[in-house]
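Only one structure is covered here, and it is reproduced in the block below.
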Ligand code: G3I
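The following block contains the structure:
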């Protein structure tokens, strides 16, 4: 393949980018998006603060701009995200207990129903595990509603959009460590008890290199019977191109690694200001990291 999307498709995978609705009017940006990528994730527009700014009032205008751009061009859409401790609207930040639990269920039902049939994979729950050595849950208002909030979120999403793959998504889970093992144990438990979960997203916000056990970590989750996806890839540092190649080859080596998403298009579009962690430079030129990914997708 001569583009990321075409080369990934030849390997039965997608290659996506995080997209900001406000940049779709930028011709350089949109030209690269349409040429190279066959999947998109809304960088912010489908989060809880964006879709339910006031309780019970839903706003899909900016999400729709991204979804419509993608679907009209045959691109897949990853939904991001139905439940997260961050980027909650103010009214939700101030809620707790059973009222918050009800509001969460209503939010998931309304958003997933609105987009039913258009979403390839939903990040149902984002970043619910703690950093560090505990392997346990992160404290949050959602966690304090009861440890079952994650499985309730997944069951609610399944009911609202039975055709979407339902993912758990997190960061600092890219190698075998206490945090990734905590998530591994949750996924194993969900599969054993019939809680609907189809995929795990590995954000892969990396510096210099991937962990040496990156592929083994993907594989151990795949062996639980879920797909794995690289969902927010960006890599800073001097070894950038090599590291992008390594991550791409790891995904290709794991049969259930179904696709890769980079978290932005040009370096100037990245949330990691000044770190230049993406595949295209500020002018939209292909970087060495781009060539490393394309070569890896093509089997080099
Ligand atoms: O849109 C407002 C603008 O109106 C306002 O003037 C400006 C002033 O701060 O803020 C703008 O919103 C910002 C938004 O990005 C859009 O640019 C928010 O402040 C800023 O917090 C927000 O950052 C996003 C961040 O998530 C929030 O947590 C990043 O763009 C986005 O790339 C980042 O993405 C996350 C994933 O969702 C989850 N995983 C980690 C990843 C990186 O942090």
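In UniProt numbering, the protein residues as written are 44 to 343. For glycine and all other residues, C-beta sits at the position ideal for the given N, C-alpha and C.
query                                                                                                                                                                          : result
I want to know whether the segment 180–198 touches the segment 234–242 - three or more CB-CB distances under 8 Å.                                                              : yes
What distance in whole Å lies between the Cβ atoms of residue 270 and residue 248, which are believed to be in contact at a cut-off of 8 Å?                                    : Wrong, their Cβ atoms sit about 20 Å apart, outside the cutoff.
Could you pull out every residue in the same chain whose Cβ sits closer than 7 Å to the Cβ of residue 76, ignoring the five residues on either side in sequence?               : 60, 62 and 308
For residue 119, report the span of its beta strand (DSSP E) as first-last.                                                                                                    : 119–127
List the endpoints of the continuous alpha helix (DSSP H) containing residue 194.                                                                                              : 192–203
Can you list, in chain order, the residues of its chain with a C-beta nearer than 7 Å to that of residue 148? Leave out the 5 residues immediately preceding and following it. : 195 and 199
Counting pairs of Cβ atoms below 8 Å between the segment 183–190 and the segment 213–230, do you hit three or more?                                                            : no
Using a Cβ-Cβ cut-off of 6 Å (strictly less than) and excluding sequence neighbours within five positions of residue 81, which residues of its own chain qualify?              : 48, 57 and 118
Specify whether the segment 205–219 and the segment 152–168 touch according to this definition: at least 3 beta carbon pairs, one from each stretch, less than 8 Å apart.      : yes
Just checking residue 165 against the ligand G3I - is the residue's beta carbon closer than 6 Å to any of the ligand's heavy atoms?                                            : no
Tell me whether residue 215 counts as near the ligand G3I, meaning its Cβ is closer than 6 Å to at least one heavy atom of that ligand.                                        : no
Beta carbon of residue 293, beta carbon of residue 257: below 7 Å?                                                                                                             : yes
Are the segment 86–93 and the segment 127–139 touching by the rule of at least three beta carbon pairs closer than 8 Å?                                                        : yes
What are the start and end residues of the beta strand (DSSP E) that includes residue 278?                                                                                     : 270–279
Alpha carbon to alpha carbon, how far is residue 168 from residue 125?                                                                                                         : 6 Å
Taking 7 Å as the CB-CB cut-off, is residue 336 touching chain D?                                                                                                              : No chain D appears in the structure shown, which is made up of a single protein chain.
Given that a residue counts as buried once 16 or more other Cβ atoms are within 10 Å of its Cβ, and exposed if not, what is residue 122?                                       : buried
For residue 184, verify whether its CB is less than 6 Å away from any heavy atom of the ligand G3I.                                                                            : no
Please list, in chain order, all residues of the same chain as residue 155 whose beta carbon is under 8 Å from its beta carbon, the five residues on each side excluded.       : 122, 125, 162, 165, 199, 200, 203, 204 and 207
Could you tell me the distance, in whole angstroms, from the CA atom of residue 275 to the CA atom of residue 305?                                                             : 5 Å
Taking C-alpha atoms, which residue in 183, 220, 295 and 246 lies nearest to residue 214?                                                                                      : 246
Under 6 Å: does the beta carbon of residue 49 sit that close to some heavy atom of the ligand G3I?                                                                             : no
Given a cut-off of 7 Å on the beta-carbon distance, is the pair residue 290 and residue 260 in contact?                                                                        : no
Could you pull the start and end residues of the beta strand (DSSP E) that residue 333 belongs to?                                                                             : Premise fails: residue 333 lies in the alpha helix (DSSP H), 331–340, not in any beta strand (DSSP E).
Less than 8 Å between C-beta atoms, sequence neighbours within five positions excluded: which residues of the same chain meet that for residue 96?                             : 102 and 132
What first and last residue would you give for the alpha helix (DSSP H) that runs through residue 291?                                                                         : 283–296
Could you tell me the alpha carbon to alpha carbon distance between residue 74 and residue 330, rounded to whole angstroms?                                                    : 16 Å
Do residue 130 and the ligand G3I come close, with the Cβ less than 6 Å from some heavy atom?                                                                                  : yes
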